[in-house]
Every structure is written in C-alpha cells, then in structure tokens.
Amino acid sequence: MAELPRTPDDRAVFVISVAAELAGVHPQTLRIYEREGLVRPKRTTANARRYSERDIQRLLEIKRLTGHGVNLEGVRRVIELTQELERLEARLAALEAELRAQARRHRQELDAVRRAARRDLVPYSSAIVRYEPPQ
C-alpha cells in the first residue's frame, strides 16, 4: 500500500528535467545533489526520479546558498540546522499549548477551591469589641 502524501507540497510530480528547469540548474547538478544526500526525490516503479514542490524549494535554497559561496558540506549543515530549528519550534509550540492548558486547569481548580471556601465562611459583625477582664 502506498503512503499518502502529507501535504500537496509533498506530491512528487516533476520529472528531473522539469525540476532542473524550475530550480535553474542542470539535471546533472540534481543528480550530484541527490548523491550528496541534499535532496531525496521519490522514485517511480521504473526507478525514475520525481520531485515535489518541497524538493524544488530545497533546490532553490541550495542554489541560493551555493551562489553565496557556501560549499555542499556547508549547505548540508545549514539544512540540518534548519530542520533542527523547525523541530524545536514545533516542540516549543506544543509545550506552550500544554502550558496554556495546564494554566487553564489550575485556574479552574483555584476557582473551585475559592467557591468552596466562601461557603465555609461565617459572616461576622464589623463592630469589634475589645475584651477587658474584670478588675
């Protein structure tokens, strides 16, 4: 059974020549990037490469970085760090959501305790008389 794509950006629909044209590089360059592990196109049953929109975006980023003088090892490191940053941002968002939910629960518990405590309070007179023992 084939795995369903997670997003439309993950659908591998572009053949290597179209992907190369969209990225503005030679098809052989795409093969080099694949060999270096910088991009991993999907493969058809006939073993032909198919690139997704996400792959094209990555190829454009690789082209931008190499255009600024970053070598392929540097590009690999930038990609790794970017992925780590995205993972950490997702983790942070999950932790913040969990913290908000926990704060909401604590506020509800505190409100419940306050309501219960009000029922236990006995009204008192505001006129306070000081006791003085007989002399």
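Quick note, the numbering used here runs 12 ahead of the 1-based positions in the sequence shown. Even glycine gets a Cβ: it sits at the ideal position worked out from N, Cα and C.
Rounded to whole angstroms, the separation of the alpha carbons of residue 113 and residue 51 is 39 Å. Contact annotation: residue 42 and residue 58 have beta-carbon atoms that are not nearer than 8 Å. Nearest C-alpha to residue 70 among 116, 22, 119: 22. Distance from the Cα of residue 37 is smallest, within the candidate group 111, 119, 72, 145, for 72.
Here DSSP, grouped into helix, strand and coil, assigns residue 51 to coil.
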